[in-house]
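Going by the numbering used here, the first residue of the sequence shown is number 445, and it counts up by one from there.
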Amino acid sequence: MNYLNIEDEKLHATVVELNILLADYHIYYQNLRNFHWNILGENFFELHNKFEELYSDARLKIDEIAERILTLRYHPISNLKDYLRIATIKEAVSDITDKEMVSTILDNHAILLTQMSKVVKEAEKINDEGTIDLIGAYIRELEKNSWMLDAFNQNTNAQLKKSEF
445 MNYLNIEDEK LHATVVELNI LLADYHIYYQ NLRNFHWNIL GENFFELHNK
495 FEELYSDARL KIDEIAERIL TLRYHPISNL KDYLRIATIK EAVSDITDKE
545 MVSTILDNHA ILLTQMSKVV KEAEKINDEG TIDLIGAYIR ELEKNSWMLD
595 AFNQNTNAQL KKSEF
């Protein structure tokens, strides 16, 4: 029985993009753990906690992405060798400043958002509302976290754009 009401052969492209997203999330997760362990300086407490918050969230999303792939009746990629091979996000180094760590995470977010858009585009082609809904929520959350991290990295005299009416 096909409980998804989507032909199995039409799911493949969406699953490929979901597996890339899964790999990207694994490397992103490890980058966050790396920074959580190796942060130094006056922003230690704030960033140590923020990185933990972000990697805890990433850990949940990793499981949800893998379970979505399983729901679509495919095996999720599940070993580090394959994650490193297909991920767009690269492993980060440890010996960088707090601002560089935040910039690296923002770069990771940009890659994740790009990959999420690819997932949504493929899912839209086959009316895969479950995947669209899941990833849409991720996009909203990641954009908010990106805004906060970007605000942290701004100069204290930076200003937001003004809307003219």
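Here a beta-carbon is modelled for each residue, glycine too, at the ideal position from N, C-alpha and C.
Quick one, are the C-beta atoms of Leu578 and Met545 less than 8 Å apart? Here the question's residue 578 lines up with position 134 in the sequence shown. Here the question's residue 545 lines up with position 101 in the sequence shown. No, Cβ-Cβ distance for Leu578 and Met545 is not below 8 Å.
Of the residues Phe489, Lys565, Ile570 and Ala554, the one placed nearest Asn589, counting alpha carbons only: Here residue 589 refers to the residue found at position 145 of the sequence shown. For the residues Phe489, Lys565, Ile570 and Ala554, the minimum Cα distance to Asn589 belongs to Ala554.
Helix, strand or coil at Ser561 [DSSP, three-state]: Start at 1 with the first residue of the sequence shown, and residue 561 comes out as number 117. Residue state, collapsed to three classes: helix.
Three-pair Cβ contact test at 8 Å for the segment 483-497 versus the segment 602-609: no
Go ahead and label Phe488 buried or exposed: buried means 16 or more other beta carbons lie within 10 angstroms of its beta carbon, across all protein chains shown. If you number the sequence shown from 1, residue 488 lands on position 44. Looking at its Cβ environment, which holds fewer than 16 other Cβ atoms inside 10 Å, Phe488 is exposed.
Whole-number beta carbon distance between Ala467 and Ala531, since they are thought to touch under 8 Å: On the sequence shown, residue 531 is found 87 positions in, with the first residue counted as 1. On the sequence shown, residue 467 is found 23 positions in, with the first residue counted as 1. So it is a contact: roughly 4 Å between Cβ atoms.
Alpha carbon to alpha carbon, what distance is there between Leu448 and Val647? Nothing about residue 647 can be reported from this structure: the residues present for the chain run from 445 to 609 only.
For Asp501, does the three-state DSSP call read helix, strand or coil? For the purposes of this step, residue 501 is taken as residue 57 along the sequence shown, with counting starting at 1. Here Asp501 sits in helix by DSSP.
Hey, Ile509 and Ile471: beta-carbon distance below 8 Å or not? One-based indexing of the sequence shown puts residue 509 at position 65. One-based indexing of the sequence shown puts residue 471 at position 27. No, these two residues do not count as a Cβ contact at 8 Å.
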